[in-house]
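Be aware that the sequence shown starts at 1, since it is given in full-length UniProt numbering, and climbs by one per residue.
Here a beta-carbon is modelled for each residue, glycine too, at the ideal position from N, C-alpha and C.
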Amino acid sequence: MERQPRYVWLAEQLRRPIQRGEIAPGTRLPSRTRLARRYRVSEQVSRAALRLLATEGVVEARRGAGYFVPDNPVGHHILRTDTGSVQGLGGLRREVVGTEQQRSQPPVSTRLRLRPDEPVYLTTARGMALDRPVALHLSWEPALITTGTLHTPFDAAPGQSPISRLEAVGHPVDGVVEEVCLRALKEIEADLMHATPGVPVLVVERTHYSRGRPVETSDLISTTDQCRLVYRLSLPRPRPPADAGPGA
Numbered sequence: 001m002e003r004q005p006r007y008v009w010l011a012e013q014l015r016r017p018i019q020r021g022e023i024a025p026g027t028r029l030p031s032r033t034r035l036a037r038r039y040r041v042s043e044q045v046s047r048a049a050l051r052l053l054a055t056e057g058v059v060e061a062r063r064g065a066g067y068f069v070p071d072n073p074v075g076h077h078i079l080r081t082d083t084g085s086v087q088g089l090g091g092l093r094r095e096v097v098g099t100e101q102q103r104s105q106p107p108v109s110t111r112l113r114l115r116p117d118e119p120v121y122l123t124t125a126r127g128m129a130l131d132r133p134v135a136l137h138l139s140w141e142p143a144l145i146t147t148g149t150l151h152t153p154f155d156a157a158p159g160q161s162p163i164s165r166l167e168a169v170g171h172p173v174d175g176v177v178e179e180v181c182l183r184a185l186k187e188i189e190a191d192l193m194h195a196t197p198g199v200p201v202l203v204v205e206r207t208h209y210s211r212g213r214p215v216e217t218s219d220l221i222s223t224t225d226q227c228r229l230v231y232r233l234s235l236p237r238p239r240p241p242a243d244a245g246p247g248a
């Protein structure tokens, strides 16, 4: 079983009662010092857990006052820009349904620039919240890239990402493209998500590239009423104005 960082574990202990409604909106959470004592972790861990929950929107930070449960909490936030998002389900517990080899068909073959019927590996995983599936992640990669190595999806270590496997066989991922759309949930997807076919879902089509070649593509499918995508972007720091010098 993959070991969680302590701050992720602590965030889950706080997230569950909030999402279950056991902590009322507007409630102030214990300070990081009290959380550290209660859960026997360092203050650094409790600080990181609170910041993670604030990023997800599960709690809100109020300067000088602490962390509070929002008055109108949103269900589940799926992080797309944290280190965990390489597995496609950042912020949710990942449950692997299975991996199979199949023949590629459009639109997957188009996204991977393959001829129809070329073999691909499909890995299916679910994003779990409170032991309930709220998102689905389908990942395809060309079988020829890793076939004959110890880095196929069938041989992957628990928790190992496609990015690390592809890098191990000489295809380091250096580019990512995402497209987001809204469509109806298909019947086979609904069975995996325990949902009703036809309901609107968000779909994030994400493709990883290595030296301009698509080496993996995936669909993240999440319910619109329970999930929200979170993109955290880093901007370059503005440069100080150059000294114009005398006479400028």
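How is residue i classed by DSSP in three states: helix, strand or coil?
i       : result
Leu-53  : helix
Ile-78  : strand
Ala-65  : coil
Ile-188 : helix
Met-1   : In this prediction, Met-1 scores a pLDDT of 39, lower than 50, which makes its location untrustworthy; the coordinate-derived value is nonetheless stated afterwards. Of the three classes helix, strand and coil, the one that applies to Met-1 here is coil, per DSSP.
Ala-248 : Caution applies to Ala-248, whose pLDDT of 49 falls short of 50 and renders its modelled position unreliable; the value that the coordinates give is listed next. Three-state result, Ala-248: coil.
Leu-144 : helix
Ser-109 : helix
Glu-167 : helix
Glu-22  : coil
Asn-183 : According to the sequence as given, residue 183 is Arg; it is not Asn. Looking at Arg-183 - three-state DSSP - the assignment turns out to be strand.
Pro-158 : coil
Based on the DSSP secondary-structure assignment, which residues constitute the bridge partners of residue i?
i       : result
Arg-93  : Met-128
Gln-101 : Tyr-121
Tyr-209 : Gly-175 and Pro-214
Leu-136 : Arg-126 and Ile-221
Glu-60  : Phe-68
Arg-228 : His-77
Would you say residue i faces chain D, with C-beta separation under 8 Å as the test?
i      : result
Arg-51 : Looking at the structure shown, chain D is missing, and only one protein chain is on hand.
Closest to residue i by C-alpha separation, out of the options, would be which residue?
i       : options                              : result
Arg-94  : Gln-4, Ala-36 and Ile-145            : Gln-4
Arg-113 : Gly-88, Trp-140 and Gln-101          : Trp-140
Val-199 : Tyr-67, Leu-144, Thr-217 and Val-134 : Val-134
Gly-88  : Ser-218, Ile-145 and Pro-116         : Ser-218
Tyr-209 : Pro-70, Ile-145 and His-137          : Ile-145
Ala-190 : Glu-118, Arg-51, His-137 and Arg-40  : His-137
Since residue i contacts residue j with CB under 8 Å, what's their CB separation in whole angstroms?
i       : j       : result
Arg-206 : Val-173 : Not confirmed; about 11 Å, so no contact.
Val-201 : Leu-185 : 5 Å
Tyr-7   : Ala-65  : Actually they are not in contact, since the Cβ atoms of Tyr-7 and Ala-65 sit about 22 Å apart, beyond 8 Å.
Ala-125 : Val-97  : 6 Å
Ala-143 : Val-120 : 6 Å
Ala-195 : Thr-223 : 7 Å
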